[in-house]
Structures are given as C-alpha cells and as structure tokens.
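Protein chains: 2
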Amino acid sequence: MTHHARRRAVVLLSGGLDSTTTLAIAIASGYEAHALTVRYGQRHAGEIEAARRVAADLRAVEHAEVSVDLGRFGGSALTADLPVPKDREPAAMSDIPVTYVPARNTVLLSLALAWAETLQATDLFIGVNAVDYSGYPDCRPGFLAAFERLAGLGTKAGVEGATFRVHAPLLHLSKADIIRRGIELGVDYALTTSCYDPDAEGRACGRCDACLLRRRGFAEAGVPDPTAYNPGVSTGS
Amino acid sequence: MTHHARRRAVVLLSGGLDSTTTLAIAIASGYEAHALTVRYGQRHAGEIEAARRVAADLRAVEHAEVSVDLGRFGGSALTADLPVPKDREPAAMSDIPVTYVPARNTVLLSLALAWAETLQATDLFIGVNAVDYSGYPDCRPGFLAAFERLAGLGTKAGVEGATFRVHAPLLHLSKADIIRRGIELGVDYALTTSCYDPDAEGRACGRCDACLLRRRGFAEAGVPDPTAYNPGVSTGS
C-alpha cells in the first residue's frame, strides 16, 4: 500500500461546537488538517483549552495558536466589558448581536490565508452558519465568495494560478443538523465550549445566545447534552 | 468660527518612508488620522519606534499598536531567519521578493477594518506602491478594490449601507515622487526607517532592496538623504 500526500487545509478552530464539527468534516473529507486558533482578546481562556483538547482528540496534524488583540479596538461584548445578553428569544438573535466582533471573520480568514500560503494550501475551513447567525454579516455566502476572490488576488499562489476555496460546510445546517453530523463523525462535544459567559469553573451559563442555541440544538437532535452547566441553571427539558 | 468634526480614517503606519508619507497625505486631506502599527513578527523593533516617532511628529490623533505573530507561520525573510538579499539590481526586485510576507496586506487591512468599524470610519489608508513593489501581489489595484468589496460585505456598517474606501495615494508614484510629496508636507524622513537588516545600533545596511530603493529615491528627488547608514556602507553619490 502506497501513501499519497493528502491535501492540506487550514481549519479555523475556536473550540466551540461549530468549529469542532467543521474540523471533523475537513478530516473526514480527506484533508490533512492544520488547525488554527486565534486568540483575539476573548474574555475567557476556556475556548483556547477546548481548542487544544479538540485538535488532539480529532488528530489535527498540527495546531497553531496566534494572538491578535482585537480587544484593543473595543466594540464588542466578547472583548470588552459590556453585559452579555441573556434569555433572548430566537427572533431577537437575528439582529446583529452585541457579541459581534468587528470584522472578526475577515481577520480570522486573513490569518488562515497567511498560514495556508506558507503551507502551500489553498483550502480554508470556517464553521460559519447562516441559520443561527444570520445577524453576523461576515457569516454570509457572499462574504465568503468575496474572500476567495481576495485571496486569489492577494497571494503569490493566487497570482501563480491557484484558486483558493473557503469551505463552510455548516453554512446551511441547523444546530441540530450540525450536532447529528458531528456525532456521526465521532465528535465528543463534552470537549467543546460555546458559552459567552462561563463561571469561574468554566461551566456554561446556559442563558446567553450561544448556550440557548446549543441547548436547543441538542434537544432537537435528540442527543444528550454533555455540556457542564452552572448548577444554578435550569436546563429545562 | 465653528468646528466641524473631521472624518476619521485608519492609516496603516509601519514607520517606513511610504507609510509615513501616506499618513501625512491623509492628514493634509483633512482626515482625523488614527494610526495603526501592526507588529507582525518583524525582525527588528526599530520600525515600531519609528512609527511612534512619526505618529507623534505628524500629530495623528491616536496611535494603536497591535501584535500578531505571523512569524509563527514562517515563509519570509522578514519574519524568519532567511538571509536578506543584498545589492540586487532593480530588474531582479520585480520578482516576488524573498521578503514577501504571506498575505501581509490582507492581514493588515483586516485589522485596520476592525478598528475602523469601531471608530465608525470607512476610510482606510495604506502606503502600497505598484511601481517599486510590483512583485508583491497584494500591492495591486485589483487587490485593493477586492478588499473594499469584502469590507462592505463583512461589516455591520457595510450591511447598513456604508461604502468602504481603501486609499493608496502612493500607488502610482515613484520613490522620488513620494519623497518630494512628503517634503512638501513637512515630513521629517530622519524619523523613518526602511532597512530590512539594520545593525545593532539601528543604522541602515544600505544594501537591501528597501535601502537601495530609498537611496535611489532621495538621489532622484534631489533631496539630501537623512538616513543613518552603517559606516561601512558606501552611500555612493
């Protein structure tokens, strides 16, 4: 049996449910996955630890962590000291959320592109989702296509004829669909974290937008929710 | 006399000759300039110090420094331990240089965009130049236009109707033209640094591509070159 080099891909990995499923999909699709975690001034370090656990568990060939202090610019509850909204109805989440980080996916994809170019890779994976995060402009198909075009124009590889592709395999999936797909691929969601506002022990608040979407997803998928919640939280059904 | 709020702009400032002239042009054009220096794993800290001197001297209203470790990805003489080419002919410089940093301007512009969005600014300035740096794909007009389009699709402001503009006022100027324009605007080029390979005292090598272009620019502009060179260097004419 001969070994063929697998195609390399850079996979953005936050340590959350969506990016973890995306990493599993990239690997299942035959890519050699180089996982990239960007520390952009998040309020808690639990995401970084989750990303490390996930990269090891799913066997990414490499996991890089790069820091960029977007918090210097302010403007978001995820990087500044604004209150995280709790117990919002799904309809309210379709507005642009207060947790919006300015130009976040532009920054994340540009860093993924920089690494891809040094790896001679032209495939980028990002776990954006147009269903749950319709309020984020940089989670839309048109944005992703515009980035592919930019990548072709702004890199040595692109000028030499390479075509970059931004894979967003979750784009049109519901949270329940994402969870079902991940379970099929053997993802252990207990390793992941989604909460915008965990307690000191790293347990999820159960009430921010990310927790509510995640909880509803497990319920709709009919899969037990392995998330560690703060004991004060009613996890409902 | 009433005071009208000036339009804000984010100006990328490396501390080199080109970005310094760009900052002077942005201010002379009536913008309230927010200067952004990105530390991307450069090999020497002299650029950061030069950027601070320049931002203060030209009176940027604010100067932010953001670090992102592109050196983690390797791939360039500016961030890795490859030798910097010396004494190259201009024709050889038109190839993609070894000092090319992967996706650099994509990363720089994405960070400028993130700050612009929190400042409610839609004007970005970057000192790219298609004459001297024709070898860099991300210094071309098509790349800049693609970034403007991406910015409109990937930001809250863009979705709400704002149009982003990437100003590249040096794009079609020769190095001599850039220097003449800066001198008109009162730029003190002794504050700036361009060398890819300065000595321990921060003096320029005089022989890397950046030094050669800079020296030729001053000679062609008929302006005395204020650069501090390593004493071992023949500065020619």
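Chains as they are written, first to last, in my numbering: chain A, 1 to 237; chain B, 1 to 237. The C-beta atom is built at its ideal place from N, Cα and C for all residues, glycine as well.
Within-9 Å CB hit, residue i to chain A
i, result
"B:E32", "no"
"B:T155", "yes"
"B:D18", "no"
"B:E62", "no"
"B:R216", "no"
"B:S14", "no"
Closer than 7 Å at the beta carbon, the chain B residues around residue i
i, result
"A:V187", "Residues of chain B passing the Cβ test: none, with the nearest at roughly 27 Å."
Whole-angstrom C-beta distance between residue j and residue i, which should lie under 8 Å
i, j, result
"B:A9", "B:A121", "6 Å"
"B:A55", "B:A24", "That belief does not hold up - the Cβ atoms of B:A55 and B:A24 are roughly 11 Å apart, past 8 Å."
"B:A60", "B:T37", "Incorrect: roughly 10 Å between the Cβ atoms, too far for contact."
"B:G46", "B:T193", "5 Å"
"A:S67", "B:D57", "The pair is not a contact, with the Cβ atoms about 30 Å apart (cut-off 8 Å)."
"A:G127", "A:T21", "7 Å"
"B:L185", "B:A26", "With 8 Å as the limit, B:L185 and B:A26 do not qualify as a contact, their Cβ atoms being about 10 Å apart."
"A:R216", "A:K175", "7 Å"
"A:L153", "B:F143", "4 Å"
"A:L172", "A:A130", "The residue you asked about is not Leu; residue 172 of chain A is His in the sequence shown. With 8 Å as the limit, A:H172 and A:A130 qualify as a contact, their Cβ atoms being about 6 Å apart."
"B:L119", "B:L109", "Incorrect: roughly 15 Å between the Cβ atoms, too far for contact."
"B:G30", "B:R6", "6 Å"
"B:L150", "A:A146", "4 Å"
"B:P85", "B:D199", "Rounded, the Cβ-Cβ distance is 17 Å, inconsistent with contact."
Three-way DSSP call (helix, strand, coil) for residue i in this model
i, result
"A:R7", "coil"
"A:E65", "strand"
"B:V107", "helix"
"A:E49", "helix"
"A:V223", "coil"
"A:R39", "strand"
"A:D123", "strand"
"B:L12", "strand"
"B:T2", "Model confidence at B:T2 stands at a pLDDT of 42, short of 50, so the residue's coordinates are unreliable; what they give is reported in the following sentence. Three-state result, B:T2: coil."
"B:A33", "strand"
"A:A204", "strand"
is_contact[residue i, chain B] using C-beta, thresh 9 Å
i, result
"A:T2", "Confidence is the limiting factor: at A:T2 the pLDDT is only 43, short of 50, which leaves the residue's position unreliable and the question unanswerable from this model."
"A:F125", "no"
"A:R72", "yes"
"A:S110", "yes"
Under 9 Å from the C-beta of residue i: neighbouring residues of chain A
i, result
"B:L254", "Since the first residue shown for chain B is 1 and the last is 237, residue 254 of chain B is missing from the structure and cannot be characterised."
"B:G158", "P137"
"B:S194", "Going along chain A, no residue has its Cβ under 9 Å from B:S194, so there is no contact; the nearest lies around 22 Å."
Within chain A, partners of residue i - CB distance below 8 Å
i, result
"B:A146", "A146, R149, L150, L153, G154"
"B:S67", "S67, V68, D69"
Proximal chain B residues relative to residue i, where beta-carbon distance stays under 9 Å
i, result
"A:F143", "L150, L153, G154"
Interface residues of chain A facing residue i [CB-CB closer than 7 Å]
i, result
"B:D138", "G154"
request  = Pick out the complete beta strand (DSSP E) segments inside the region 131-199 of chain B, 3 residues or longer, and give them in chain order.
outcome  = 165-167
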